[in-house]
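Take a look at the structure below.
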Amino acid sequence: MKINIQELIQIIKTVAIQELLPRFEKVSKEYKLDGSIITEADTIAQQRLQELLHQSYPEISLLGEEMNED
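Residues 253 to 322 in my numbering are what the sequence shown spells out, letter by letter.
This is how it looks when you write it as structure tokens:
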């Protein structure tokens with residue numbers, strides 16, 4: 253499998269523009285069981301990255317900080 257770095261950069265930029273920037277000044281936060289903070293932006297950005305990466309690279313797996321342990 254060959255990964256196109258420019259495509260990967262574009263995917264990350266897209267998520268940042270569409271999901272992170274609109275939430276930048278209106279942060280909603282919750283606390284995880286371990287006491288660390290998680291924001292709506294964390295969760296949504298990770299979900300969107302996973303979706304877009306899967307579209308371009310369905311054969312790769314993603315492990316993210318905000319994923320459930322199951």
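From the three backbone atoms N, C-alpha and C, an ideal C-beta is built for every residue, glycine too.
A buried status is given to V267, since no fewer than 16 other beta-carbon atoms sit within 10 Å of its beta-carbon. In terms of Cα proximity to E317, the closest of D286, F276 and L260 is D286. Judged by their CB atoms, I263 and L315 are not nearer to each other than the 9 Å cut-off. For I289, the secondary structure class from DSSP, reduced to helix, strand or coil, is strand. Boundaries of the alpha helix (DSSP H) around E259: I257 to V267.
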